[in-house]
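What the sequence shown shows, in the numbering used here, is residues 293 to 568, in sequence order.
Positions of the beta carbon are idealized from the N, C-alpha and C atoms, including for glycine.
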Amino acid sequence: MFDGLITGISALDRMLGARGDDTNFKSGRSGMRRAGKTTRGITMRKFALTLVAATMLVAGVAHACGSSIHTLQVNSPAGVNTLVTPCDAVVTAVRASGFYASQAPHGAWDAIWVSYPGHTFVPGDLISICGLFKEVCGLTTIDIPGAGLYGYVLKTGTAPIPAPNYVTAAAYLASPEQWESVMVTIVDGMMVPAGFSLGSGQWTVNVLGGSSLIFDDFWYNFAQVMEGQCYNNATGILHDSCGTYMFEPFANGITLVNCAVPAESMTLGTIKALFR
Numbered sequence: 293m294f295d296g297l298i299t300g301i302s303a304l305d306r307m308l309g310a311r312g313d314d315t316n317f318k319s320g321r322s323g324m325r326r327a328g329k330t331t332r333g334i335t336m337r338k339f340a341l342t343l344v345a346a347t348m349l350v351a352g353v354a355h356a357c358g359s360s361i362h363t364l365q366v367n368s369p370a371g372v373n374t375l376v377t378p379c380d381a382v383v384t385a386v387r388a389s390g391f392y393a394s395q396a397p398h399g400a401w402d403a404i405w406v407s408y409p410g411h412t413f414v415p416g417d418l419i420s421i422c423g424l425f426k427e428v429c430g431l432t433t434i435d436i437p438g439a440g441l442y443g444y445v446l447k448t449g450t451a452p453i454p455a456p457n458y459v460t461a462a463a464y465l466a467s468p469e470q471w472e473s474v475m476v477t478i479v480d481g482m483m484v485p486a487g488f489s490l491g492s493g494q495w496t497v498n499v500l501g502g503s504s505l506i507f508d509d510f511w512y513n514f515a516q517v518m519e520g521q522c523y524n525n526a527t528g529i530l531h532d533s534c535g536t537y538m539f540e541p542f543a544n545g546i547t548l549v550n551c552a553v554p555a556e557s558m559t560l561g562t563i564k565a566l567f568r
């Protein structure tokens, strides 16, 4: 059904283009008149195409679902810069330049970044998408403006924001790509070390057990980060920035706790004395 929409609009595009060429370039007309009619022809052509596309969308013609986000992430049948049409996706987090969208069951490989500057979507919106499938510096992306006339995101309702996936730092570091654009909670305790700032709103955290992670300030206020802070856990989205995986905690996504106090040896008699 979606292929039929694309074919129909493309045919109309060619028809209007050919008619405009025939009308605007007949011999004997002045250059100024040709230029004026050409400009008007192009404007009317764009208007007609947009009207047809909008009518078909409202009528439900273009709502056919294509490959799932999971399929696009794991083993995409779509070539780069081809149209993809996942539907029934839930917006999980937003930025001015786009948003993250996730499909059930909302686990590994089930989310993707949608590039759409100036959008008005909010977390919890249920959407259907049509855009260009891209890899942008390692980040799997659906580009809406890049699809031109064919690009759209259609809100079809609302849905609960999915619960985050609980992931250990070890699992996250062992296979970060599967968690790209997915909402997760890192369950390990973490501490902000000396010299934590990496610049550009990024900082290092040390995980209890010896590994380290890079956090970034998409949403979290970097001014709140201080040396010696301890995190009980952190919830946000994993973002691939040209091969460097950064964790993007939500504005309220870090649970601060008092750093652990070393255990003291106590005799049974001492313990009993505390309750006398």
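Exercise. Are there 16 or more other CB atoms within 10 angstroms of the CB of residue 422, so buried, or fewer, so exposed?
Worked result: With 16 or more other Cβ atoms within 10 Å, it is buried.
Exercise. Are the CB atoms of residue 497 and residue 482 nearer to each other than 7 Å?
Worked result: For the 7 Å CB-CB criterion, residue 497 and residue 482 form a contact.
Exercise. Excluding sequence positions up to five away, which residues of its chain have a Cβ less than 7 Å from the Cβ of residue 450?
Worked result: Closer than 7 Å at the Cβ level, and outside the excluded window around residue 450, lie 416, 417, 418.
Problem set entry | Cα-Cα separation between residue 525 and residue 475, rounded to whole angstroms | C-alpha separation (whole angstroms): 13 Å.
Exercise. Looking at C-alpha atoms only, which residue of 523, 550, 540, 510 is the closest neighbour of residue 388?
Worked result: Closest by alpha carbon: 510.
Exercise. Which residues bound the beta strand (DSSP E) around residue 548?
Worked result: 536–549 is the extent of the beta strand (DSSP E) around residue 548.
For this session: With DSSP as the reference, label residue 487 as helix, strand or coil.
Result: The answer is coil: DSSP assigns residue 487 none of H, G, I, E or B.
Exercise. What did DSSP end up calling residue 361 once you bin it into helix, strand or coil?
Worked result: Collapsing the DSSP output to three states places residue 361 in a helix.
Problem set entry | Run of the beta strand (DSSP E) containing residue 455, from where it starts to where it stops | From DSSP, residue 455 is part of no beta strand (DSSP E); its letter is neither H nor E.
Exercise. When DSSP labels each residue in this structure, what does residue 525 get in the three-state scheme?
Worked result: Looking at residue 525 - three-state DSSP - the assignment turns out to be strand.
For this session: Look at the alpha carbon of residue 472 and the alpha carbon of residue 516, and state the distance between them as a whole number of angstroms.
Result: Looking at the two C-alpha atoms, the distance is approximately 25 Å.
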